[in-house]
Amino acid sequence: MYPTREEAERILLDAKARYDKVSRIHGRWDDHCRTAARCAEKIAARCPGLDPDKAYVLGLLHDIGRWYGDGHLCHVYYGWKYMTELGYDDVARICLTHSFQVQRLGAYIGKFDIPPEAVAELDAALSAAVYDDYDRLIQLCDTLAGVDGPVDMAARMEDVRRRYGDYPQDKWDKNFELRGWFERWAGADIYEIVR
1 MYPTREEAER
11 ILLDAKARYD
21 KVSRIHGRWD
31 DHCRTAARCA
41 EKIAARCPGL
51 DPDKAYVLGL
61 LHDIGRWYGD
71 GHLCHVYYGW
81 KYMTELGYDD
91 VARICLTHSF
101 QVQRLGAYIG
111 KFDIPPEAVA
121 ELDAALSAAV
131 YDDYDRLIQL
141 CDTLAGVDGP
151 VDMAARMEDV
161 RRRYGDYPQD
171 KWDKNFELRG
181 WFERWAGADI
191 YEIVR
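In the UniProt record's numbering, the protein residues as written are 1 to 195.
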């Protein structure tokens, strides 16, 4: 289950308004989400069997856990819980999986800023998740999405490495593997598709 595009846009606007009230840094995560959504829609339109509307909605809401405020792993946890509460199970799964190209909680880049019981809950859910092509698509699009439009994947990963002090090589390699997978499926260079 996932919302319509119109409902997803409303959810994002409401979440950003709440975030702006509690944030100290006032990040442009909503613009990043819009870029990810447009990238996902364009790639899905070129990949037989994928639904561009679903891809757009999943990309738009992948970081919806930012409604909680500034943070790290909490955005994964609170996005997953929020979308589950709304009954949008497909979106909830994307909130859970989008940061884990390598499917293990220890691969997360950033602080574990949720209580230990929430970490255990998240770890169990992630371990049980069965990734599909939408999980992989949003993971790729998250890496392609800047706040002002698509960006070079390597440059974005280097930016994350600079800000957080690390970017695991297996995660780096997985992003390029995903890019190759979708380029073969779509029959075109990923940057030609998303620009």
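Quick reminder that beta carbons are idealized off the backbone N, C-alpha and C, glycines included. These numbers were taken from a predicted model, which means no experiment stands behind them.
Taken atom to atom, the span from the alpha-carbon of E85 to that of Y131 is near 21 Å.
In the three-state scheme derived from DSSP, where H, G and I count as helix and E and B as strand, P52 is classed as helix. By the criterion of a C-beta distance shorter than 7 Å, I109 is surrounded in its chain by V160, Y164, D166 and Y167, once the five residues flanking it on both sides are discounted. Excluding residues up to 5 positions away in sequence, V147 and D148 lie with their Cβ nearer than 8 Å to the Cβ of D31 in the same chain.
Judged by their CB atoms, R24 and Y56 are not nearer to each other than the 8 Å cut-off. Straight across, the Cα-Cα distance linking R10 with D63 is about 14 Å. The beta carbon of G71 sits closer than 7 Å to those of D113, all from its chain and outside the five residues before and after it, given in chain order. Pairwise C-beta distances place the segment 46-53 out of contact with the segment 80-97, as fewer than three of them are shorter than 8 Å. For C47, there is no enclosing alpha helix (DSSP H), as DSSP marks it with neither H nor E. Rounded to the nearest whole angstrom, the C-alpha separation of K16 and S127 is 30 Å.
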